[in-house]
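Heads up: the structure comes next, in structure tokens.
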Amino acid sequence: MDAKINRIDELVKYLNKCSYDYYVLDNPTIDDREYDKLYDELKNLENETNYILYNSPTQRVGDVVLDKFEKSTHRARMWSLDKVTSFEDLRSWYNKNIEIAKENGLNEPTYIVSQKFDGASINLTYENGKFVKASTRGTGEIGENVTEQIKTIRSIPLDINDDSIFEIRGEVIMTKEEFEKYNKNSDTPLKNLRNGAAGALRNLDVYETKKRNLSSFLFDIGYFERKKFNTYFEALNFLKNNKFKCAEFKVCKTLDEIEDEINRIESIRDDLNYDIDGVVISINEFNLREILGYTVKHPKYAMAYKFEAIEEITKLIGVEWNVGRSGRVSPTALLEPIDIGGITIKRATLNNIDDIKRKNVKIGGDVLIRRSNDVIPEILKGVSCEGELQEIEIPTMCPSCGSELSQDGVHIYCTNSISCKPQIVKSIVHFASRDAMNIEGLSDKISTQFYEELGIKRVSDLYEITFEELLTLDKFKEKKVNNILNSINESKNCYLPNFIYALGIKNVGLKTSKDIVKKFKTLDKIMSLTKEELMEIHGIGEIIIEDILKFFTNEKVIDEIERFKNLGINFIEEESEEIVENEFMGKTVVVTGTMEKFSRKEIKSLLEKLGAKVSESVSKKTNYVIYGENAGSKLEKAKSLDVETFSEKEFNEIYDKLGI
347 MDAKINRIDE LVKYLNKCSY DYYVLDNPTI DDREYDKLYD ELKNLENETN YILYNSPTQR
407 VGDVVLDKFE KSTHRARMWS LDKVTSFEDL RSWYNKNIEI AKENGLNEPT YIVSQKFDGA
467 SINLTYENGK FVKASTRGTG EIGENVTEQI KTIRSIPLDI NDDSIFEIRG EVIMTKEEFE
527 KYNKNSDTPL KNLRNGAAGA LRNLDVYETK KRNLSSFLFD IGYFERKKFN TYFEALNFLK
587 NNKFKCAEFK VCKTLDEIED EINRIESIRD DLNYDIDGVV ISINEFNLRE ILGYTVKHPK
647 YAMAYKFEAI EEITKLIGVE WNVGRSGRVS PTALLEPIDI GGITIKRATL NNIDDIKRKN
707 VKIGGDVLIR RSNDVIPEIL KGVSCEGELQ EIEIPTMCPS CGSELSQDGV HIYCTNSISC
767 KPQIVKSIVH FASRDAMNIE GLSDKISTQF YEELGIKRVS DLYEITFEEL LTLDKFKEKK
827 VNNILNSINE SKNCYLPNFI YALGIKNVGL KTSKDIVKKF KTLDKIMSLT KEELMEIHGI
887 GEIIIEDILK FFTNEKVIDE IERFKNLGIN FIEEESEEIV ENEFMGKTVV VTGTMEKFSR
947 KEIKSLLEKL GAKVSESVSK KTNYVIYGEN AGSKLEKAKS LDVETFSEKE FNEIYDKLGI
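Going by my numbering, the first residue of the sequence shown is number 347, and it counts up by one from there.
See the structure below:
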């Protein structure tokens, strides 16, 4: 038996090395037949001894069908990147970074420049040296568990040489070679490489994922428990040393070097075996990254340079008018089909009636269209004025329900919000969306079925759907019915900000919903807010305030919310931690310099928990400045304004005494 176990250890080590050589280094050291022979030997020995190593290649099963996708919360948020499309805009960002570095007594930053992959974002979790979970990006905070799908990708190691907890970020891609190979043998060919990768991860049949032979590039560590990296360069080398397939990157010290590298990458774009849509430029030094921080959506220390969009000319053959969730009736251009970047384009965006007139767009005429990546193309302008051209007729009646349309500025709206089918269907889809009530499976198609066949004419009707009713719908089997009903039932316990967002208040997104709930706590209070109270919330302007007030004084809205309550919706009001009385409560505090015990970001978080308002700049309104090493101009300004200052050590002593 010992000999067989030793042989298993030997085979696992050797076969994993062969996979690394082939899938990461692109340097095969064994032919397929020999690999398969050794793999079969390993599998037989494992069955015989019941001794299976965690990192055995046999654990990349790829032959299971999952019931559903489980939600997965990331330890650290997965951010999207801000973007620029010109060197002029890039220069502005670059110069701003230099200014901030100087203000904080730091050297000019260096940059890591790498390709921006056009695939599907993933988050890999490793604990105690083992791969334990993979998830999609999702909302940035919550994704979907795709662990079994990711195990089929042989360039992703099942173990690493570090026992800390890590979240490693990257992109799953499909190569052009595998794309063509798959489409040759598929009854339903894939449309493009990105859809091929994203669709594989979103397939419950893991064997289908395995068939697409996906690849990966890993390029960031979003969370690390103990390991501290001073630079992005160190983090990337950690990934390479642990046998991840990493993005190629270059360290650049000047803007000229960055621009040269962007031009080089763009010049080889068409020769690559996978799709890229730009270049990512990231600040290398982590201490400056902490200072720069984040916007609501993006990190300020990284920027995506997007390659120029593709423009082509085709003929406009018609215009389709569609009704949105808010009742807005918007035009969509119907085009003579044209191939752009391997995708057949048949439709394009026309924003509103003013857009049509300003761009001189007419049916039967040629139009210039622009496509950027997978974004729906937009019409830039009409480019022909000869032949039989037809003016685009602006509708006066709703194309769906026939109700009269009203005009508000450059937009037209259906006045029938009670029984206009597209408005109801889109409201259901929005209500069920991930950031709202998170009811899985309610696509446009299924929501339309609910409207047409089950008589769902208001969103709250969802909570009265029965098992027997769902079974009457086409392609609804018992398992699917149970999944949808369970998801609807689970949504009854929801966080209040998500419910507020789900209601679909015009111009109110999830962040605004969170800000409102954070300040006013309960649904009853929110429904009775005054204009003066809403003005107390930072970032909410008069237009949004009017939309909120109009919404919550609508009798139909009040009736619908009351109906939600009667149907069992439980609005979870998140408990706020009681703030211990302290000298920072209610004060405006600036944090500057390099810290030792806590990072600057961590100190800011502690201050917010203490009830302080954290600011990025020093002014006469600043109460305190907390400073570390190399504090620079902010500390000098604080002294000139006689603002009270605390060293990091003094702050830590005060915080420790609070006993929190």
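Even glycine gets a Cβ: it sits at the ideal position worked out from N, Cα and C. Bear in mind the structure is a predicted one, so any value in this text is a computation, not a measurement.
Straight-line Cα distance separating residue j from residue i
| i | j | result |
| --- | --- | --- |
| GLU356 | TYR553 | 28 angstroms |
| SER749 | THR534 | 40 angstroms |
| ILE886 | ASN832 | 36 angstroms |
| TYR385 | LEU361 | 8 angstroms |
| GLN795 | TRP425 | 35 angstroms |
| ASP893 | PRO741 | 26 angstroms |
| PHE563 | THR521 | 12 angstroms |
| SER1065 | ASP623 | This structure cannot settle anything about residue 1065, because the visible part of the chain is limited to 347 through 1006. |
| ARG635 | SER438 | 17 angstroms |
| PRO374 | VAL863 | 57 angstroms |
| GLY670 | MET873 | 25 angstroms |
| ASP464 | ASN531 | 24 angstroms |
| ARG483 | GLU612 | 26 angstroms |
| GLN461 | ASN583 | 17 angstroms |
| TYR578 | ILE629 | 8 angstroms |
| LYS703 | ALA984 | 55 angstroms |
| ASP754 | SER773 | 21 angstroms |
| ILE506 | SER837 | 38 angstroms |
| ILE904 | SER961 | 38 angstroms |
| MET881 | LEU895 | 12 angstroms |
| VAL936 | SER806 | 47 angstroms |
Host alpha helix (DSSP H) of residue i (start-end)
| i | result |
| --- | --- |
| LYS995 | 994-1004 |
| TYR528 | 522-530 |
| TYR569 | Note, TYR569: premise wrong, no alpha helix (DSSP H); beta strand (DSSP E) at 561-570. |
| GLN795 | 790-800 |
| ASN541 | 539-547 |
| LYS959 | Segment 959-961 is the beta strand (DSSP E) holding LYS959; no alpha helix (DSSP H) there. |
| ARG704 | 699-704 |
| PHE463 | PHE463 -> not in any alpha helix (DSSP H); beta strand (DSSP E) instead, spanning 457-463. |
| GLU954 | 946-955 |
| LYS896 | 888-898 |
Residue nearest to residue i in terms of C-alpha spacing, selected from the options
| i | options | result |
| --- | --- | --- |
| GLU942 | ASN976, GLU739, GLY932, LYS933 | ASN976 |
| ASP509 | LYS537, THR521, ASN588, ASN576 | ASN588 |
| GLN495 | ILE398, ASP435, ASP428, LYS479 | LYS479 |
| ILE499 | SER837, MET743, LEU560, PHE992 | LEU560 |
| GLU513 | VAL492, ILE502, TYR472, SER806 | TYR472 |
| SER481 | ASN441, ASP988, ALA544 | ALA544 |
| LYS417 | ASP1002, GLU392, GLY486, ILE506 | GLY486 |
| PHE590 | PHE477, ARG548, VAL964, LEU550 | PHE477 |
| ASN697 | ILE502, ILE802, VAL675, LEU388 | VAL675 |
| MET931 | LEU953, GLY914, ILE915, LYS911 | LEU953 |
| GLU449 | ASN441, GLU999, LYS995, GLY978 | GLY978 |
| LYS852 | GLU888, GLU836, CYS840, MET649 | GLU888 |
| ASP685 | GLU658, LYS803, ASN916 | GLU658 |
| GLY475 | TYR528, ASN401, SER501 | ASN401 |
| ILE444 | LYS767, THR876, LYS599, ARG572 | LYS599 |
| ASP377 | SER365, GLU682, ILE949 | SER365 |
| THR899 | ILE918, THR818, LEU875 | LEU875 |
| LYS821 | LEU849, LEU735, ASP1002, ILE792 | ILE792 |
| HIS420 | LYS414, LEU470, PHE433 | LEU470 |
Bridge partner(s) assigned by DSSP for residue i
| i | result |
| --- | --- |
| LEU470 | ALA480, ILE514 |
| MET649 | ILE627 |
| PRO289 | Here the chain has residues from 347 to 1006 only, and residue 289 is not among them. |
| GLN753 | ILE758 |
| MET783 | BP columns for MET783 are empty, so no partner. |
| ALA694 | ALA679 |
| ASP505 | LYS476 |
| MET743 | GLU750 |
Where the beta strand (DSSP E) through residue i begins and ends
| i | result |
| --- | --- |
| ASN912 | From DSSP, ASN912 is part of no beta strand (DSSP E) but of the alpha helix (DSSP H) over 901-912. |
| THR938 | 934-938 |
| ASN916 | 916-918 |
| GLU986 | Correcting the residue type first, residue 986 is Ser in the shown sequence and not Glu. Unbroken run through SER986 is the alpha helix (DSSP H), 979-986; no beta strand (DSSP E). |
| ASP820 | Premise fails: ASP820 is in no beta strand (DSSP E) and is neither H nor E. |
| VAL713 | 712-717 |
| GLY926 | The residue asked about is misnamed: residue 926 is Val in this sequence, not Gly. Unbroken run through VAL926: none, as it is neither H nor E. |
| LYS418 | Per the sequence shown, the amino acid found at residue 418 is Ser instead of Lys. It spans 417-419 - the beta strand (DSSP E) in which SER418 sits, taken as one unbroken run. |
Near the ligand PLP: residue i beta-carbon under 7 angstroms from a heavy atom
| i | result |
| --- | --- |
| LEU560 | As far as ligands go, the structure on display features none, and thus does not contain the ligand PLP. |
Every unbroken beta strand (DSSP E) inside the region 834-877 [3 residues or more]: The region 834-877 contains these whole beta strand (DSSP E) runs: 839-841.
List, from N- to C-terminal side, the alpha helix (DSSP H) runs of 4 residues or more that fit wholly inside the region 583-633. Along the length of the region 583-633, whole alpha helix (DSSP H) runs at least 4 residues long occupy 601-614, reported in chain order.
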